[in-house]
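Written below as structure tokens is the structure these notes are about.
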Amino acid sequence: MIDDLDLGFDEPERGEKGRHRRGAVNRRNGKSGGRGKTIFALLMALVLLGGIGGVGFVGFDRIRNHFVTPDYDGPGTGEVLVQVKQGDFLADIGDTLYDAGVVKSTKAFIEAADTNSRSKNVGVGTYKLRKQMKASLALTLLLDPKSRVVNGVTIPEGTISLAIYDILSKQTKIPVADFKAAAKDPVALGVPDFWFERKDGKKSAKSIEGFLYPATYEIPPKATAEQILKMMVAQFLAVTQQMDFVDRAKGERKISPYEVLITASIAQAESVDPKDFPKVSRVIYNRVYAGKIGCNCLGIDSGINYWKRLQGKSAKDSDVLTQSEIHDLKNPYNTHDVAGLPITPISNPGEGALKGALEPPNGDWIFFMTVDKKGTMGYGSNDAEFRQLQKQMCDNGVLSGTNCT
């Protein structure tokens, strides 16, 4: 009896969509057709011999469609853009192709991938394919670099948000104002609310600064400012999740993840050599939390310059900053007179700075100084070491004037 075979003729053929969602692709899927082919061969024999007399050719076609994976025959026509996203499995890619009208079924793509060892090399990005392609040919195009629509943009580590908007605007032609508008609500861009909690008693200013992860991004065609910033936030969350940032900040550093992020942003802004990230972070912790100096003030000039840049002004070298600029109490990033960390991060740190803030070395240093024009850092914990480093700065031309007399 046909019903006994449970052929499911009433189920819509959406390319086996939904049967392989989320999870590693079962590599045996491509081989499981053997049993189906055997049943199909037996049924075909029965049809030819008249054993299923009432089915006729209509029934035969329906049986064949159940066991033969739906697939197009040719190279396809027209043009369509499809996006492979971070974290997509082969089944997810197959679903995307099916929804875009590229392949006739998700299962056809999975079976094509099963028989092609290079299928694991399909990368994240946007690809130019054709409508109604044979699944194996669609896979071939996904593996061809020429099919990839490249619209890449690189955000350097330590870049502040305003500079990021400029970079993105030049690349995408989206107005800077659109990025500024989208950035006004970091939570809407994907930053969880808990990230803005602090344990140091200071009120958080919800800012996107620190959450726009510096990396190279491939911008999808027609992406909006909001979508691009969401992409960067998602990358930040992925990187910090991989290093267990939140739990380690609370457990190892005994402070909030936001405070560790602020520390990382300062270390990124102050350091030239990535090897200094951990040590600079230790100095920050010693000054703010360990009570090793009088007012627990950081006394960093990068905060002053960050505020100047937010106001549309140019940053200045430390030796040309005026006393009124250094001690401006209207500057919310004044760390010379105001104790503790600033109200937000002052840059968007990369992985090295994030790790450095999580894993500072033990030490009693309370200051760091750039002692030459190459960016070499010196560290100290008392007045004698301070004077020694200051002399190095004068000798190397980093400091001049009354500081060197």
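Each residue of the sequence shown is one higher than the last, beginning at 0 in numbering that gives the first Met the number 0.
Using N, Cα and C, we set each Cβ at its ideal position, and we do this for glycine too.
In this text, all values refer to a predicted model and were calculated from it rather than measured experimentally.
Inspect the beta-carbon positions of residue i and residue j and report whether they are closer than 9 Å.
i	j	result
Ile92	Leu142	no
Ala352	Pro256	no
Pro74	Lys106	no
Thr215	Val282	no
Ile261	Pro185	no
Leu89	Ser118	yes
Leu479	Ser146	The requested residue 479 is not part of the displayed model; the chain covers only 0 to 404.
Ile218	Leu138	no
Ile159	Ser323	no
Lys84	Val123	yes
Thr114	Val148	no
In angstroms with no decimal places, state the Cα-to-Cα distance between residue i and residue j.
i	j	result
Lys183	Gln131	42 Å
Asp318	Leu161	25 Å
Lys329	Ser301	16 Å
Ala187	Glu110	39 Å
Asn395	Gly86	49 Å
Lys354	Ile207	20 Å
Give every residue of the same chain whose Cβ lies closer than 7 Å to the Cβ of residue i, excluding the five residues on either side of it in the sequence, and list them in chain order.
i	result
Gly339	Asp199, Lys201, Val287 and Asn295
Tyr164	Val175, Phe178 and Lys179
Arg379	The residue asked about is misnamed: residue 379 is Gly in this sequence, not Arg. Cβ within range, chain order: Trp364, Phe366, Phe385 and Leu388.
Cys403	Cys393
Ile292	Arg286 and Ile365
Asp371	Asn395 and Val397
Which same chain residues end up closer than 6 Å to residue i when comparing Cβ atoms and leaving out the 5 residues on each side of it in sequence?
i	result
Arg252	Val259
Val271	Gly374
Ala99	Val79 and Val81
Gly362	Arg281
Short of 8 Å in beta carbon distance, which residues of its chain neighbour residue i, apart from the five on each side in sequence? Order them along the chain.
i	result
Asp72	Lys133
Arg247	Leu357
Ser203	Phe195, Glu196, Arg197, Tyr257, Ile342 and Thr343
Pro359	Pro277, Lys278, Ser280, Arg281 and Tyr284
His326	Asn333, His335 and Asp336
Ser313	Lys307
If I'm right that residue i touches residue j with Cβ under 8 Å, what's the distance once you round it to whole angstroms?
i	j	result
Gln267	Pro155	Contact doesn't hold; Cβ gap of about 10 Å is too wide.
Phe235	Tyr212	4 Å
Ser280	Gly209	Contact flag wrong, Cβ pair sits at about 14 Å.
Gly298	Thr321	At roughly 16 Å, the Cβ-Cβ gap does not stay under 8 Å, so Gly298 and Thr321 are not in contact.
Thr239	Val232	Not really, about 11 Å apart at Cβ, beyond 8 Å.
Met376	Asp275	5 Å
Given 8 Å, three or more beta-carbon pairs between the region 165-179 and the region 223-231: In short, these stretches touch, since the Cβ pair count reaches three.
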